[in-house]
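Colleague: Residue numbers (this note's numbering): 18 to 791.
Ideal placement from N, C-alpha and C gives every residue a C-beta, glycine not left out.
1. Should residue 102 and residue 77 be called a contact, given that it needs their Cβ atoms to be closer than 8 Å?
2. Please report how far the alpha carbon of residue 285 lies from the alpha carbon of residue 308, in whole angstroms.
3. What whole-angstrom Cβ distance do residue 463 and residue 451 have, given they're in contact under 8 Å?
4. Can you grab the Cα-Cα spacing for the pair residue 788 / residue 72, in whole Å?
5. Report the start-end ranges of each alpha helix (DSSP H) in the stretch 368 to 422 that is 4 residues or longer and not cut off at the edges.
6. Identify whether residue 429 lies in helix, strand or coil by the three-state DSSP scheme.
7. Taking Cβ to Cβ, would you say residue 310 is nearer than 8 Å to residue 384?
8. Residue 244: buried (16+ other C-beta within 10 angstroms of its C-beta) or exposed?
9. Using the rule of at least 16 other Cβ atoms within 10 Å of the residue's Cβ for burial, across every protein chain shown, is residue 499 buried or exposed?
10. Hey, is the stretch 618 to 635 in contact with the stretch 368 to 378, meaning 3+ C-beta pairs nearer than 8 Å?
11. For the beta strand (DSSP E) containing residue 71, name the first residue and the last one.
12. Does residue 227 pass the burial test, meaning 16 or more other C-beta atoms within 10 Å, or should it be called exposed?
13. Let's test the definition: count the other Cβ atoms within 10 Å of the Cβ of residue 791 and tell me whether it reaches 16, buried, or not, exposed.
14. Output the boundary residues of the alpha helix (DSSP H) element that contains residue 654.
15. Can you give me the Cβ contacts of residue 425 inside the same chain, cut-off strictly under 7 Å, excluding the 5 residues immediately before and after it?
16. In chain order, what residues of the same chain have a beta carbon less than 6 Å from the beta carbon of residue 494, not counting five sequence neighbours either side?
17. Roughly how far, in whole angstroms, is the beta-carbon of residue 448 from the beta-carbon of residue 267, given that I think they are within contact range, below 8 Å?
18. Within a Cβ cutoff of 7 Å, which residues of the same chain sit near residue 750, ignoring the five residues on either side of it in sequence?
19. Rounding to the nearest angstrom, what Cα-Cα distance links residue 405 and residue 357 in this structure?
20. For the 8 Å Cβ check, are there 3 or more pairs between the stretch 194 to 207 and the stretch 317 to 326?
21. Tell me the DSSP secondary structure of residue 278 in three-state form.
22. Is the beta carbon of residue 615 closer than 8 Å to that of residue 526?
23. So residue 22 and residue 135 are in contact, right, with Cβ under 8 Å, and what is the actual spacing, rounded?
24. Given that a residue counts as buried once 16 or more other Cβ atoms are within 10 Å of its Cβ, and exposed if not, what is residue 760?
25. Can you name, in chain order, every residue of its own chain whose Cβ lies under 8 Å from the Cβ of residue 700, other than the five neighbours on each side?
26. Report the three-state DSSP secondary structure of residue 471 (helix, strand or coil).
27. Quick one, are the C-beta atoms of residue 725 and residue 327 less than 8 Å apart?
28. Residue 336 to residue 604, Cα distance in whole Å?
29. Under 8 Å, do residue 127 and residue 157 count as touching if we go by C-beta distance?
30. Assess, as a yes-or-no matter, whether the stretch 160 to 174 is touched by the stretch 640 to 652 under the definition of 3 or more beta carbon pairs within less than 8 Å.
31. With the cut-off set at 8 Å, would you say residue 637 and residue 727 are in Cβ contact?
32. Determine the closest residue to residue 537 out of 250, 260, 201 and 24, with distance taken between C-alpha atoms.
33. Does the beta-carbon of residue 302 have 16 or more other beta-carbons within 10 angstroms, so that it is buried, or is it exposed?
34. Among 782, 440, 723 and 706, which one has its Cα closest to the Cα of residue 762?
35. Quick one: give me the first and last residue of the beta strand (DSSP E) that residue 787 is part of.
36. Is it buried or exposed, residue 28, if we count other Cβ atoms within 10 angstroms and call 16 or more buried?
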């Protein structure tokens with residue numbers, strides 16, 4: 018690191034802030050550090066300055082409310098100001114600043130795990146980091162250049178879109194491995210990849226992908242040390258076992274002859290070794306990586322990138338008020354201010370009653386920006402609470418802390434794993450989005466690891482962040498109906514090693530919940546597996562849960578088919594090129610095209626026992642439910658490539674092309690036909706009863722919008738008292754066709770707010786819709 022972290026930690030803990038900034042972080046001391054009076058209970062002094070930025074220490078004797086913080090900031094603030102609030106009777110400090118007039122704060126309590134402060138103080142070695150502003154455009158331009166280089170340097174993949182997708186997989190994985198390398202976790206060599214590339218190039222050109230990269234991922238990260246062949250152990254050195262994170266990718270299974278030349282690896286490693294890319298490898302100190310991947314995802318999906326500031330504002334408007342509500346405090350109170358003044362009773366309520374039960378969801382997670390923001394807030398909160406435990410020495414909390422320490426020798430790792438396991442959930446229709454979100458969350462874990470053993474293995478997020486369609490599936494499952502369906506296979510039940518014929522819904526759920534508890538807790542399994550190594554037990558459990566899910570999914574899809582066909586009376590209408598659509602009965606295969614996510618099964622405990630999710634934070638999709646040329650080419654990209662067609666050329670000559678090419682016509686008609694029954698579902702399903710207005714007692718069909726559908730689904734998934742924050746276009750607030758949905762929210766929620774982001778008259782302005790379910 019670029020500064021003396023042990024010394025910085027010493028001064029931070031002892032609150033020698035002037036010495037911290039002048040001797041460790043390299044700031045200039047002001048001519049005078051004389052205390053000045055702000056009010057009878059508040060005094061302040063200048064601690065340090067550099068390049069127009071000023072750090073102030075503000076000592077308060079009374080309670081530290083949000084109003085006090087804001088008032089003092091407005092009195093002292095220059096273009097860049099950091100206020101550090103302290104109290105004469107304890108050593109806690111609250112660090113306060115503003116970005117675009119939005120307040121931000123961090124609480125430090127002596128005794129807390131200080132790992133997250135290391136990258137933040139490193140950022141303070143430059144004045145620009147006071148605002149944590151990120152210039153995303155130049156970094157994203159570099160990112161795109163390397164994406165293109167990897168795509169052009171890859172062979173063995175016939176489809177251009179797949180080649181571009183694999184280039185993104187390679188570059189994101191390379192960044193992740195660079196974070197491991199930066200932490201010294203790859204054979205204690207901070208130039209591990211560069212050195213391996215040079216060694217392999219001495220034996221020949223364009224061999225690094227096969228002889229270096231693939232072996233590192235498959236024989237290194239994916240195999241526990243006892244299972245690695247000796248020749249690979251010698252070649253790879255000491256590298257951590259990461260579980261299944263870097264197993265063969267689905268594109269590698271589809272194209273087994275993939276090869277990548279050395280040139281893009283050389284260029285990317287040079288880029289990632291430079292100062293310009295350093296923030297990408299420091300996810301706790303900079304939002305750069307999250308922003309770059311959000312831009313990439315938005316460009317790939319023709320969406321709008323979620324900004325870090327929007328994700329943080331979502332937490333401010335949703336997570337913080339929910340926590341304050343659970344504490345019985347006004348939603349306008351400041352949580353960090355409460356903790357700054359808090360006692361053991363406040364800590365006990367948060368640690369024992371509130372945080373363990375918190376369930377937060379992003380139902381359209383994309384690259385994971387909102388999950389990252391929630392993960393950061395909850396990790397910071399746990400760290401501050403641990404500091405309070407050391408200060409108060411409360412006997413109940415010390416017992417809790419001892420239990421947390423037993424989960425992992427490094428507290429910061431134990432905290433993050435618990436947050437990932439207990440608190441965070443996500444869903445997205447695209448596998449690439451889920452992979453990116455999982456990779457970013459695990460990068461946060463890796464960035465605080467102190468040794469290879471710290472991350473062995475990384476927790477699996479496969480059962481928290483799922484691939485599926487948030488809008489299609491069963492929210493409630495009828496166990497009797499499930500049991501009446503004859504299964505296509507045999508479930509594993511009872512003794513985990515013996516398959517039995519019984520596969521009832523309750524039995525599968527019980528089996529899954531037990532296995533999931535062992536798997537996520539990484540505890541010793543049942544007696545019959547006591548001789549199996551721990552890593553093998555975990556892989557066994559993961560496979561076992563996946564088999565249970567496959568058994569359940571088949572029956573759940575059949576239940577959904579029954580709902581479509583029998584309850585809602587929906588049929589499949591095959592679109593014809595010239596004639597009227599032909600009707601037929603729906604099949605299970607018709608539904609599986611939409612990747613149904615059955616909330617009632619995958620999140621059974623949350624929905625049935627907990628009553629729903631406490632927090633839902635997401636960005637709303639901005640598409641309509643209708644066929645589009647762009648989506649057609651995403652689904653049939655091989656066909657488009659074979660025909661030499663682009664979305665633009667198809668759009669301009671669609672009818673002529675369809676008449677002249679039977680294969681193209683069949684694909685387009687098949688794609689169009691899928692929308693007939695799925696729109697019927699959205700119009701008729703009870704869970705979407707407020708999508709269309711009523712005229713003379715009858716519902717009139719609107720053009721369906723994905724954002725309004727997700728708003729209603731969010732309401733369905735929230736528990737009473739749960740809070741939601743949804744970013745989207747400002748259409749719901751005033752659009753006449755949204756009256757039914759708007760009235761439903763007004764009648765069944767409280768604190769319903771529409772916060773405009775940007776100029777209020779901008780038709781493209783985003784809006785944060787937030788509410789609490791009654």
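Modeller: Quick answer:
1. As a position in the chain shown, residue 102 is number 85, starting the count at 1. As a position in the chain shown, residue 77 is number 60, starting the count at 1. With a cutoff of 8 Å on beta-carbon distance, residue 102 and residue 77 are scored as near each other.
2. Here residue 285 corresponds to residue number 268 of the chain shown, with the count starting at 1. Here residue 308 corresponds to residue number 291 of the chain shown, with the count starting at 1. Computed Cα separation, rounded: 18 Å.
3. If you number the chain shown from 1, residue 463 lands on position 446. If you number the chain shown from 1, residue 451 lands on position 434. So it is not a contact: roughly 18 Å between Cβ atoms.
4. Looking up residue 788 in the chain shown gives position 771. Looking up residue 72 in the chain shown gives position 55. In a straight line, the C-alpha of residue 788 is about 37 Å away from that of residue 72.
5. Listed in chain order, they are 386 to 409.
6. On the chain shown, position 412 is the one that residue 429 refers to. In the structure shown, residue 429 sits in a helix (DSSP, three-state: H, G or I).
7. Numbered from its first residue, the chain shown carries residue 310 at position 293. Numbered from its first residue, the chain shown carries residue 384 at position 367. Closer than 8 Å, so yes.
8. In the chain shown, residue 244 corresponds to position 227, counting from 1. Taking all protein chains in view, the Cβ of residue 244 is surrounded by fewer than 16 other Cβ atoms within 10 Å, so the residue is classified as exposed.
9. In the chain shown, residue 499 corresponds to position 482, counting from 1. Residue 499 comes out buried.
10. Result yes; three or more Cβ-Cβ pairs closer than 8 Å.
11. As a position in the chain shown, residue 71 is number 54, starting the count at 1. Note, residue 71: beta strand (DSSP E), 70 to 77.
12. Counting from one through the chain shown, the residue named residue 227 turns up at place 210. Burial state of residue 227 is exposed, judged by a 10 Å Cβ sphere holding fewer than 16 other Cβ atoms.
13. Translated into the one-based positions of the chain shown, residue 791 becomes position 774. In the assembly as shown, residue 791 is an exposed residue. Its beta-carbon has fewer than 16 other beta-carbons within 10 Å.
14. Taking the chain shown and counting its residues from 1, one reaches residue 654 at position 637. For residue 654, the uninterrupted alpha helix (DSSP H) run begins and ends at 654 to 660, by DSSP.
15. By 1-based counting over the chain shown, the position of residue 425 is 408. Taken in chain order, the residues that qualify are 431 and 434.
16. By one-based count along the chain shown, residue 494 stands at place 477. Here the set comprises 617 and 618.
17. In the chain shown, residue 448 corresponds to position 431, counting from 1. In the chain shown, residue 267 corresponds to position 250, counting from 1. Between the beta-carbon of residue 448 and that of residue 267 there is about 7 Å, and that keeps the pair under the 8 Å contact cut.
18. On the chain shown, position 733 is the one that residue 750 refers to. If you ignore the 5 residues before and after residue 750, its C-beta comes within less than 7 Å of the C-beta of 771 and 784, all in its own chain and listed in chain order.
19. Along the chain shown, one-based indexing puts residue 405 at 388. Along the chain shown, one-based indexing puts residue 357 at 340. Put simply, the backbone Cα of residue 405 is about 9 Å away from that of residue 357.
20. In short, these stretches do not touch, since the Cβ pair count stays below three.
21. Position 261 of the chain shown, counting from 1, holds the residue named residue 278. Residue 278: coil per DSSP, three-state reduction.
22. On the chain shown, position 509 is the one that residue 526 refers to. On the chain shown, position 598 is the one that residue 615 refers to. No, the Cβ-Cβ distance between residue 526 and residue 615 is not below 8 Å.
23. If you number the chain shown from 1, residue 22 lands on position 5. If you number the chain shown from 1, residue 135 lands on position 118. Contact between residue 22 and residue 135 holds, with the beta-carbon distance rounding to 5 Å and staying under 8 Å.
24. In the chain shown, residue 760 corresponds to position 743, counting from 1. With fewer than 16 Cβ atoms within 10 Å of its Cβ, residue 760 is classed as exposed.
25. Looking up residue 700 in the chain shown gives position 683. Hits under 8 Å: 708, 709, 716, 718 and 721.
26. Start at 1 with the first residue of the chain shown, and residue 471 comes out as number 454. Collapsing the DSSP output to three states places residue 471 in a helix.
27. Position 708 of the chain shown, counted from the first residue, corresponds to residue 725. Position 310 of the chain shown, counted from the first residue, corresponds to residue 327. In this structure, the beta-carbon distance from residue 725 to residue 327 does not fall below 8 Å.
28. The residue labelled residue 336 in the question sits at position 319 within the chain shown. The residue labelled residue 604 in the question sits at position 587 within the chain shown. Straight-line Cα distance between these residues: approximately 42 Å.
29. What you label residue 127 is simply residue 110 of the chain shown in a count that begins at 1. What you label residue 157 is simply residue 140 of the chain shown in a count that begins at 1. Not in contact: residue 127 and residue 157 (Cβ atoms no closer than 8 Å).
30. Too few Cβ pairs lie closer than 8 Å, so no.
31. One-based indexing of the chain shown puts residue 637 at position 620. One-based indexing of the chain shown puts residue 727 at position 710. In this structure, residue 727 lies closer than 8 Å to residue 637 by Cβ.
32. Stepping through the chain shown from its first residue, residue 537 is reached at position 520. When 250, 260, 201 and 24 are compared, the shortest CA-CA separation from residue 537 is found for 260.
33. Sequence index remark: in the chain shown, residue 302 carries index 285 (1-based). Buried, by the Cβ-count rule.
34. Working through the chain shown from its first residue, we reach residue 762 at position 745. Of 782, 440, 723 and 706, the residue nearest in Cα terms is 706.
35. In the chain shown, residue 787 corresponds to position 770, counting from 1. Segment 783 to 790, the beta strand (DSSP E) holding residue 787.
36. Mapped onto the chain shown, residue 28 falls at position 11. Of the other Cβ atoms in all chains shown, 16 or more fall within 10 Å of the Cβ of residue 28; this residue is therefore buried.
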